[in-house]
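Take the sequence shown: its position 229, counted from the start at 1, is 229 in UniProt numbering, and no numbers get skipped. Glycine residues also receive a C-beta, built at the ideal position from the N, C-alpha and C atoms. Have a look at the structure below before the remarks.
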Amino acid sequence: MNQHPLHIESIGQGPDLVILHGWGVNSAVFAPLKYALSDYRVHFVDLPGFGYSQVVEGNIHHWLTAIMQQVPQTAIWTGWSLGGLVTKLAAAHYPERVSALCTIASSPCFMAREDWPGIPAEVLGQFASQLTKDLDKTVERFLAIQAMGSQTAKADIKQLRELVLARPSAQQSALAQGLNMLENVDLRAEVAAIKQPWLRVWGRLDGLVPRRVIKAMPQLENSQDLILAKASHAPFISHTEEFIEGYKLWLNSAARDTNQSSD
């Protein structure tokens, strides 16, 4: 097997920054951020089986191991949605390698449980069953849900779709793996112990991560919440300038605090 199964686009100079995308898409969705992050050495990762990356069999831990093998020894990590789940796991299990983290519209437990707000189990079940029937239509529907609630939903969906289609479609097995993670991974215990600086970005109108999740999150000394009042699940698409302003403010502070040196 290829020792380096993942496609990672590394651009810029400065402190290392690893960025992970969400389910059904690829790292091209972060195109709106590229210019704003030019002061950093940014590593845009296509998750296993998405975009140009090969499939990595197994669970979220196997995905994380594959990513860890290809990214810098120490970096600030940012993850959106499913990518945020992987980022939180990285911060909890590899604290010496994740100097700070930002999660965007990402719950530590995506599926609703008796004591936790989230996506109803039947909704994730429908996506799983539809995957075997019509791959493209399932991803398209998910993109629509991500933009739902935003005043610019139509334009957001169009932009997401165009960016995603710039690369190969996700592998069906990878989509199934990702859905399984959204359904089963519960990192609530792990995140309570995260010690690194942590920015948590939320869209108040998010249809996938209910706003009740924000209040249910552990309030840590090292964490801060940025809530974009009119954004839904993809705030860096729908409210790019507002997102970048808050993100860069935190990012520059985190980079200073961790004394990262550029390569």
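Integer Cβ distance of residue i from residue j, believed to fall under 8 Å
i	j	result
lysine 248	histidine 239	Wrong, their Cβ atoms sit about 14 Å apart, outside the cutoff.
glycine 149	glycine 207	5 Å
isoleucine 8	phenylalanine 44	7 Å
arginine 211	arginine 204	6 Å
leucine 199	leucine 226	6 Å
phenylalanine 127	leucine 179	6 Å
isoleucine 237	leucine 160	6 Å
Buried versus exposed call for residue i [16 or more other C-beta atoms within 10 Å across all chains shown]
i	result
lysine 88	buried
threonine 138	buried
isoleucine 19	buried
histidine 4	exposed
alanine 28	buried
glutamine 146	buried
C-beta atoms of residue i and residue j nearer than 8 Å
i	j	result
methionine 181	leucine 85	yes
isoleucine 67	valine 42	no
aspartate 39	cysteine 109	no
arginine 141	tyrosine 52	no
tryptophan 202	alanine 105	yes
glutamine 196	proline 72	no
serine 173	valine 55	yes
valine 191	alanine 92	yes
leucine 124	methionine 111	yes
glycine 24	leucine 47	no
For residue i: DSSP bridge partner residues
i	result
methionine 111	Ile119
phenylalanine 44	Glu9 and Ile19
Contact test: residue i Cβ vs the ligand MG heavy atom, cutoff 7 Å
i	result
alanine 229	The model on display carries no ligand, and the ligand MG is accordingly not part of it.
I'd like the ranges of any beta strand (DSSP E) spanning at least 3 consecutive residues and lying wholly in the region 35–93.
41–45 and 75–80
Enumerated in chain order, which unbroken segments of the beta strand (DSSP E) with a length of 3 residues or greater are wholly contained in the region 154–191?
none
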